[in-house]
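Notes to accompany the following structure.
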Amino acid sequence: MKFKSFKTMLMGALLALALTACGQQESAPAQTDTEEQEAQETTEAEAPAEKEETGEETPDGDKILIGYSPMTLVNPYFSAVGSAIEEVVAANGAELVKFDPQMDASVQAAQVDDMISMGVKAILFIPVDSAGSRNIMQACKDAGVYVVNIDNVVGEEDYDVVDAIVASDNYGLGYVSGEDVVERFPDGAKIGIMHSPTSESCIVTVNAFWDAIKEHAADPDAYVNVAEADGKGNMEQSFTQATDMLQAHDDIDLFYCVNDQSAFGVIQAIKEAGKTGEVAVYGKDGSPDAKAVLGQDGFVQSSGQSPLSIGRIGAENCFKLINGEEVEFNTSIEAFSITAENVEEYGIDEWQ
335 MKFKSFKTML
345 MGALLALALT
355 ACGQQESAPA
365 QTDTEEQEAQ
375 ETTEAEAPAE
385 KEETGEETPD
395 GDKILIGYSP
405 MTLVNPYFSA
415 VGSAIEEVVA
425 ANGAELVKFD
435 PQMDASVQAA
445 QVDDMISMGV
455 KAILFIPVDS
465 AGSRNIMQAC
475 KDAGVYVVNI
485 DNVVGEEDYD
495 VVDAIVASDN
505 YGLGYVSGED
515 VVERFPDGAK
525 IGIMHSPTSE
535 SCIVTVNAFW
545 DAIKEHAADP
555 DAYVNVAEAD
565 GKGNMEQSFT
575 QATDMLQAHD
585 DIDLFYCVND
595 QSAFGVIQAI
605 KEAGKTGEVA
615 VYGKDGSPDA
625 KAVLGQDGFV
635 QSSGQSPLSI
645 GRIGAENCFK
655 LINGEEVEFN
665 TSIEAFSITA
675 ENVEEYGIDE
685 WQ
């Protein structure tokens with residue numbers, strides 16, 4: 335099957351799905367609230383070099399600095415987490431420093447070192463590689479910097495280098511999607527998984543998806559994992575992987591995707607393969623972009639998260655720790671299923 339160029343495709347996908355994802359940053363400089371616009375215009379890859387060239391000054395030493403290190407700032411979900419963090423930080427008279435590691439664990443480690451050098455008191459940390467992030471958190475602990483692990487939770491073996499955890503019920507997020515699959519496909523289905531296997535939260539979610547099918551299906555063996563790929567949580571990679579999966583398995587009934595951005599890439603691959611309406615797609619996040627198109631092009635369900643709650647509670651925990659107050663070590667945000675039938679309950683124009 336002849337495909338259009340990815341560039342042409344992606345532009346079409348963006349228009350069709352009315353996406354509002356943030357623009358890709360080519361650099362990974364530190365950003366404070368007051369310097370964000372200027373920093374976003376830079377193109378140097380190394381944060382220290384950027385500070386030397388622009389003459390950036392460390393913010394007022396009397397002002398508390400809070401760090402935010404997500405997997406990426408391009409995904410609207412992580413931007414939403416960041417916006418909630420910024421509100422809490424500003425309300426406390428502090429200043430936020432944030433970096434974009436662009437899904438690179440080694441870059442994230444270097445950026446956290448830079449934050450420590452800048453004098454942050456606490457870091458809100460979403461690890462790119464949850465299984466390989468202990469050294470990053472240990473460096474913070476050694477420097478007396480509090481670590482609030484949010485969204486993508488590290489393994490229990492690393493809890494000793496974390497001061498608090500705030501995340502969605504990742505097991506619940508996968509489970510509600512698995513339940514929906516059993517309802518829509520009671521006789522079984524051939525399933526493709528668009529994964530992100532370096533993320534512990536995605537591993538938990540995918541396992542829960544299968545657990546729900548095993549526990550609720552009349553014949554669990556009728557649900558077959560025919561293909562699984564690393565979509566890296568973004569549209570372009572998920573489009574490429576889904577295209578290959580559809581060519582190798584033209585009888586796939588549905589895709590389960592570990593976030594909405596992956597789901598958008600899969601939907602476009604299905605369109606390019608001429609199979610719209612034949613393959614169902616499941617996402618995760620309940621993003622405004624996803625809610626706006628649920629029920630279209632086979633997009634049947636997205637398990638909802640509340641990035642605003644995660645960012646707000648995580649940031650509040652930072653200030654409690656700094657002030658010597660007690661915090662709940664592990665805060666879990668309830669998961670819920672969003673479909674075309676109930677989407678109005680959650681609002682389409684903003685995060686729930």
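Add 334 to a position in the sequence shown, counting from 1, and you land on the number used in the working numbering.
Backbone N, C-alpha and C fix where the C-beta goes; we use that ideal spot for every residue, glycine too.
Contact set for residue i: own chain, Cβ-Cβ below 7 Å, skip 5 residues either direction
| i | result |
| --- | --- |
| ASP497 | TYR480, VAL481, VAL482 and LEU655 |
| ASP472 | One point to set straight first is that residue 472 is Gln, not Asp, in the sequence displayed. Within the same chain, GLN472 has close Cβ partners VAL495. |
| GLU534 | SER464, ALA465, ASN486, VAL487, VAL488 and GLY489 |
| GLU422 | It is worth fixing the name first, because residue 422 is Val in this sequence and not Glu. So the qualifying residues of the chain are ARG646, ALA649 and GLU650. |
Residue i, buried or exposed, once every other Cβ within 10 Å from all chains shown has been counted against 16
| i | result |
| --- | --- |
| PHE663 | exposed |
| ALA552 | exposed |
| ASP585 | exposed |
| ALA603 | buried |
Sequence-distant residues of the same chain with beta carbon closer than 6 Å to residue i, five excluded per side
| i | result |
| --- | --- |
| GLY512 | PHE543, ALA546 and ILE547 |
| ALA597 | CYS591, VAL615 and GLY617 |
| GLY506 | ALA669 |
| ILE286 | In this structure the chain extends from 335 to 686, so residue 286 is not present and cannot be described. |
Inter-residue Cα distance where the pair is residue i and residue j
| i | j | result |
| --- | --- | --- |
| VAL415 | GLY645 | 5 Å |
| GLU380 | VAL441 | Per-residue confidence for GLU380 stands at a pLDDT of 36, beneath the threshold of 50, marking its modelled position as unreliable; the derived number appears in the next sentence. Near 9 Å, if we compare the C-alpha coordinates of VAL441 and GLU380. |
| ILE457 | GLN639 | 22 Å |
| ILE682 | ASP619 | 13 Å |
| GLU679 | GLY632 | 21 Å |
| ASP503 | THR610 | 31 Å |
| GLY599 | GLU659 | 44 Å |
| GLY389 | THR577 | Low local confidence applies: a pLDDT of 30 at GLY389 is under 50, so the model's placement there is unreliable, and no value is given. |
| GLN326 | ASP521 | Any answer about residue 326 is impossible in this case: the structure gives the chain only from 335 up to 686. |
| ILE499 | GLY608 | 43 Å |
Where the beta strand (DSSP E) containing residue i begins and where it ends
| i | result |
| --- | --- |
| GLN635 | 633–638 |
| SER671 | 670–673 |
| ILE484 | 480–484 |
Residue range of the unbroken alpha helix (DSSP H) whose run includes residue i
| i | result |
| --- | --- |
| ALA582 | 569–582 |
| ALA624 | 622–627 |
| MET452 | 439–452 |
| MET471 | 468–476 |
| PHE412 | 410–425 |
| TYR509 | 504–518 |
| ASP545 | 534–550 |
Neighbourhood of residue i by C-beta, 8 Å cutoff - its chain only, sequence neighbours within 5 removed
| i | result |
| --- | --- |
| HIS550 | GLY512, GLU513 and VAL516 |
* To do: Pair every Cβ in the stretch 463–482 with every Cβ in the stretch 424–434, then say whether three or more of these pairs are closer than 8 Å.
  => No, the stretch 463–482 is not in contact with the stretch 424–434.
Inter-stretch contact (C-beta, 8 Å, three-pair minimum) for the stretch 620–632 and the stretch 555–567:
The stretch 620–632 vs the stretch 555–567: no contact.
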